[in-house]
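S.K.:
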Amino acid sequence: MWTALQKAGIKDSEVALLAQPLAAGAPLLISHNEKLPFTLASTTKVITTLASLQTLPRNYRWRTRAWLTGAPVDGKLAGDLVLVGGGDATLDSKRLTDWFKRLHRQGLTQVQGHIVLDQSLFRLADKDHANTPVPEAGNPHHAWPDAFVMDENRFRVALRAGDGGALAATFDPPLGQIEVVNQLGGARACTAQARFEPAPAPDLSKPAAKPAPPPAPAPSPYIAVAASSPASAEASASAASVPQAAASMPEPAATPPTPVAPVGRVVISGQWSPRCASALTMEAAPAAR
0 MWTALQKAGI KDSEVALLAQ PLAAGAPLLI SHNEKLPFTL ASTTKVITTL ASLQTLPRNY
60 RWRTRAWLTG APVDGKLAGD LVLVGGGDAT LDSKRLTDWF KRLHRQGLTQ VQGHIVLDQS
120 LFRLADKDHA NTPVPEAGNP HHAWPDAFVM DENRFRVALR AGDGGALAAT FDPPLGQIEV
180 VNQLGGARAC TAQARFEPAP APDLSKPAAK PAPPPAPAPS PYIAVAASSP ASAEASASAA
240 SVPQAAASMP EPAATPPTPV APVGRVVISG QWSPRCASAL TMEAAPAAR
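Residue numbers (numbering that gives the first Met the number 0): 0 to 288.
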């Protein structure tokens, strides 16, 4: 092992090892620099895994659930579609799209209310992250945990020269209601980077108010559709089991669209020009609030 580390250019002073039997009083198997402070990195997962095994039931699944605040009429939901985050860190755009397609096949073709994201499960506040790495442009993997994580809480930014030499930025996955702030300087070097700054959000350490169901001509239970990780999740309600409200439910009155405030902004800084690359792709994570 030491030979392999030396060939990789890693010094003995840059490595710490400790292997100890669980039996009390048993001698150490190996110890090297075990009292020196090092960045824990992925070894931190041992602690979170142990806590999960001691706290959560066997075969636990992190579930993302959907609630309808009413019953669809001819495929149209006059209420809201509420997505309740359950801490599934593997949820991505493809799985969410497949989930929505299943809902469509089950008879939900239009949501006339809102799509509400409920992130209140963890109820995390900034103070809970006092000892966690700060999300920054150079470390997109430092995305903070959240009850509703999508695409590992990261996105990609591609830069290219638009018409007239103006900067054009595209996002993967696509982002809506995003303000783009261009802080790029001259292209003495190709050092462009991006970061996401969320708009001010409520303190999730306080219980979130559940959205009230819209008035309906007849009582209707919420309709739950659950998805779990891994992707072999099954819906807990089928189109046949969805209760139908009276066909006389009136159509919602037409109202002028309400301006939607940006959910945040993407700040692109550093140096870049079309000479750097035909398309520069970067990963970005939410910045600390």
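Beta carbons: idealized from backbone N, C-alpha and C, even for Gly.
Leaving out five residues on either side along the sequence, give the residues of the same chain with a beta carbon under 8 Å from the beta carbon of Gly-74.
M.R.: To locate residue 74, count along the sequence shown from 1; it is residue 75. Gly-106, Leu-107, Thr-108, Gln-109.
S.K.: Less than 8 Å between C-beta atoms, sequence neighbours within five positions excluded: which residues of the same chain meet that for Ser-240?
M.R.: Translated into positions along the sequence shown, residue 240 becomes position 241. Low per-residue confidence applies at Ser-240: pLDDT is 29, beneath 50, and the placement is therefore not dependable, though the value from the model is reported in the following sentence. Nothing listed; no residue qualifies.
S.K.: Going by the DSSP bridge assignment, what does Phe-37 pair with across the sheet?
M.R.: The sequence position of residue 37 within the sequence shown is 38, counting from 1. DSSP output for Phe-37 lists no bridge partner at all.
S.K.: Using 8 Å as the cut-off, can you tell me whether the stretch 43-56 makes contact with the stretch 82-96, which would need three or more C-beta pairs spanning the two stretches below that distance?
M.R.: At 8 Å Cβ cutoff, the stretches do not touch.
S.K.: On a CA-only basis, which of Ala-77, Leu-28, Gly-85, Tyr-59 is nearest Gln-118? Give me that one, please.
M.R.: Translated into positions along the sequence shown, residue 118 becomes position 119. Closest by alpha carbon: Gly-85.
S.K.: My guess is that Leu-82 and Ala-65 are in contact by the Cβ rule of under 8 Å, so how many angstroms apart are they, rounded?
M.R.: As a working mapping, residue 82 is identified with position 83 in the sequence shown. As a working mapping, residue 65 is identified with position 66 in the sequence shown. Contact holds; Cβ gap of about 6 Å.
S.K.: Checking the sheet assignment: what are the DSSP bridge partners for His-31?
M.R.: Residue mapping note: residue 31 aligns to position 32 of the sequence shown, counting from 1. According to DSSP, His-31 bridges with Leu-16.
S.K.: In the DSSP assignment, find the alpha helix (DSSP H) that holds Asp-97 and state where it starts and stops.
M.R.: In the sequence shown, counting from the first residue as 1, residue 97 sits at position 98. Looking at the DSSP string, the run of the alpha helix (DSSP H) that includes Asp-97 is 92-104.
S.K.: Rounded to whole angstroms, what is the Cα-Cα separation between Thr-131 and Ala-23?
M.R.: Along the sequence shown, one-based indexing puts residue 131 at 132. Along the sequence shown, one-based indexing puts residue 23 at 24. Using only the alpha carbons, I get a separation of about 33 Å.
S.K.: Please report the distance separating the alpha-carbon of Ile-29 from that of Leu-35.
M.R.: The residue labelled residue 29 in the question sits at position 30 within the sequence shown. The residue labelled residue 35 in the question sits at position 36 within the sequence shown. Approximately 15 Å, taken between the alpha carbons.
S.K.: Just tell me which of Cys-189, Cys-275, Ala-168, Ala-188 has its CA closest to the CA of Val-301.
M.R.: Residue 301 falls outside the range modelled here, since the chain spans only 0 to 288, and no answer is possible.
S.K.: Does Pro-220 come out as helix, strand or coil in the three-state DSSP assignment?
M.R.: Along the sequence shown, one-based indexing puts residue 220 at 221. Low confidence applies to Pro-220: its pLDDT is 33, below 50, so where it sits in the model is not reliable enough to give any reading.
S.K.: Find the nearest neighbour of Leu-17 within the set Ala-40, Gln-270, Glu-33, Lys-100, judged by alpha-carbon distance.
M.R.: As a position in the sequence shown, residue 17 is number 18, starting the count at 1. Taking only the C-alpha atoms, the option nearest Leu-17 is Glu-33.
S.K.: Should Phe-37 be labelled buried (16 or more other beta-carbon atoms within 10 Å of its own) or exposed?
M.R.: Along the sequence shown, one-based indexing puts residue 37 at 38. It is exposed - the Cβ of Phe-37 has fewer than 16 other Cβ atoms within 10 Å.
S.K.: On the three-state DSSP scale, how would you describe Asp-117?
M.R.: Along the sequence shown, read from residue 1 onward, the residue named residue 117 stands at position 118. Note: Asp-117 maps to strand in three-state DSSP.
S.K.: Would the beta-carbon of Gln-270 fall within 9 Å of that of Arg-159?
M.R.: Position 271 of the sequence shown, counting from 1, holds the residue named residue 270. Position 160 of the sequence shown, counting from 1, holds the residue named residue 159. Contact flag unset, no.
S.K.: May I ask you to report which of helix, strand or coil DSSP gives Thr-190?
M.R.: As a first step, residue 190 is located in the sequence shown; it is residue number 191 there, counting from the start. Note: Thr-190 maps to coil in three-state DSSP.
S.K.: For Thr-89, count neighbouring Cβ atoms within 10 angstroms of its own Cβ and tell me buried if that reaches 16, exposed if not.
M.R.: Locating residue 89 in the sequence shown gives position 90, counting from the first residue. Thr-89 should be labelled exposed.
S.K.: Output the distance between the C-alpha atoms of Leu-21 and Leu-39, rounded to the nearest integer angstrom.
M.R.: Counting from one through the sequence shown, the residue named residue 21 turns up at place 22. Counting from one through the sequence shown, the residue named residue 39 turns up at place 40. Rounded to whole angstroms, Leu-21 to Leu-39 spans 21 Å at the Cα level.
S.K.: On a CA-only basis, which of Arg-155, Arg-122, Val-180, Arg-104 is nearest Pro-173? Give me that one, please.
M.R.: Start at 1 with the first residue of the sequence shown, and residue 173 comes out as number 174. Nearest option by C-alpha distance: Arg-155.
S.K.: Starting from the C-beta of Asp-91, find all residues in its chain whose C-beta is less than 8 Å away, skip the five residues before and the five after it, and write them out in chain order.
M.R.: Here residue 91 refers to the residue found at position 92 when the sequence shown is read from its first residue. Met-149, Asp-150, Glu-151, listed in sequence order.
S.K.: Between which two residues does the alpha helix (DSSP H) holding Val-72 run?
M.R.: By 1-based counting over the sequence shown, the position of residue 72 is 73. Here Val-72 belongs to no alpha helix (DSSP H), and DSSP marks it neither H nor E.
S.K.: For the beta strand (DSSP E) that Ser-268 lies in, which residues bound it at each end?
M.R.: Sequence index remark: in the sequence shown, residue 268 carries index 269 (1-based). Note, Ser-268: beta strand (DSSP E), 263-270.
S.K.: As a quick exercise: from Phe-147, Ala-7, Ala-129, pick the residue whose alpha carbon is nearest that of Leu-116.
M.R.: Taking the first residue of the sequence shown as 1, we reach residue 116 at position 117. Of the listed residues, the one whose Cα sits closest to Leu-116 is Phe-147.
S.K.: Using the Cα positions of Asn-181 and Ser-272, report the straight-line distance between them to the nearest angstrom.
M.R.: Looking up residue 181 in the sequence shown gives position 182. Looking up residue 272 in the sequence shown gives position 273. C-alpha separation (whole angstroms): 13 Å.
S.K.: When the Cα atoms are used, what is the spatial distance from Phe-99 to Ser-41?
M.R.: As a working note, residue 99 is residue 100 in the sequence shown. As a working note, residue 41 is residue 42 in the sequence shown. Straight-line Cα distance between these residues: approximately 34 Å.
S.K.: Gln-5 lies in the alpha helix (DSSP H); which residues open and close that run?
M.R.: Counting from one through the sequence shown, the residue named residue 5 turns up at place 6. Counting along the chain, the alpha helix (DSSP H) containing Gln-5 begins and ends at 1-6.
S.K.: As an exercise, report each continuous beta strand (DSSP E) stretch of at least 3 residues that is fully enclosed by the stretch 146-173, in chain order.
M.R.: Runs found: 154-160, 166-171.
S.K.: Which of the three DSSP states, helix, strand or coil, is assigned to Gln-111?
M.R.: Position 112 of the sequence shown, counting from 1, holds the residue named residue 111. Coil, per DSSP.
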